[in-house]
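Report on one structure; see the data block that follows.
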Amino acid sequence: MEQLGHARLTLQTPPDDPLYLQLIELEVRVLKMTAGLMDVYTMRKQPDGKIVLIVDSETDYDHNGVYSAEREKRTPLGQLYDHVNAGFERALLGQANFDETVYAGKSGAVVSAWVPLHAPDGTVEGVLGGGLSRRKLAGRD
1145 MEQLGHARLT
1155 LQTPPDDPLY
1165 LQLIELEVRV
1175 LKMTAGLMDV
1185 YTMRKQPDGK
1195 IVLIVDSETD
1205 YDHNGVYSAE
1215 REKRTPLGQL
1225 YDHVNAGFER
1235 ALLGQANFDE
1245 TVYAGKSGAV
1255 VSAWVPLHAP
1265 DGTVEGVLGG
1275 GLSRRKLAGR
1285 D
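Numbering (the numbering used here), first residue to last: 1145 to 1285.
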């Protein structure tokens, strides 16, 4: 995400922007290739303190190969995100981490991972978040 230019995306980036679409496709590929990864998305804290989603691709939660349910559709750039926790805040401070709290996700028990995203000048410009299946991490699937 960093190397491809995530920091260049703004709330005014149109949904057909080539960079935005490239990052969406990257998320889709990562989701298909990574066992146990339930979701992946990027977020950014705005000057007013609100957290917004930047890149949040389609997600095949039921693993049927089709993005059919409403919850599986792509999230529009700039949508408010209101499930922020301490792991997200630590990532904003530059610390990659796992949130050890188990949440009831859209497809079962999920733990969250948070990774800072850096701008070319080295500052943290956003956060890459992901939901990992607790069941898969425990080797039960």
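Note that CB positions come from ideal geometry on N, CA and C, so glycine has one too.
Remember, predicted model here, so these are calculated numbers, not experimental data.
Straight-line measurement puts the Cα of V1255 at about 20 Å from the Cα of V1199. Each residue's CA atom was taken as its position, placing V1228 and T1219 some 17 Å apart.
In summary, A1235 is buried, with 16 or more beta-carbon neighbours lying within 10 Å of its beta-carbon over all protein chains present. Under DSSP, I1195 takes part in a beta bridge, and its partners are K1189. Check the Cα spacing between T1157 and each of E1233, L1261, L1197, S1277: the tightest is with L1197. Looking at Q1166, G1274, Q1147, A1151, the one whose alpha-carbon comes closest to that of K1189 is A1151.
Here S1256 is bridged, per DSSP, to D1243, G1275. Residue pairing from DSSP leaves D1226 without any beta-bridge partner. Excluding its 5 nearest sequence neighbours in each direction, Q1166 has C-beta neighbours in its own chain below 8 Å: L1148, listed in chain order. Following the DSSP letters along the chain, one finds E1171 inside the alpha helix (DSSP H) bounded by residues 1162-1177.
Taking C-alpha positions only, P1159 is separated from Y1185 by approximately 15 Å.
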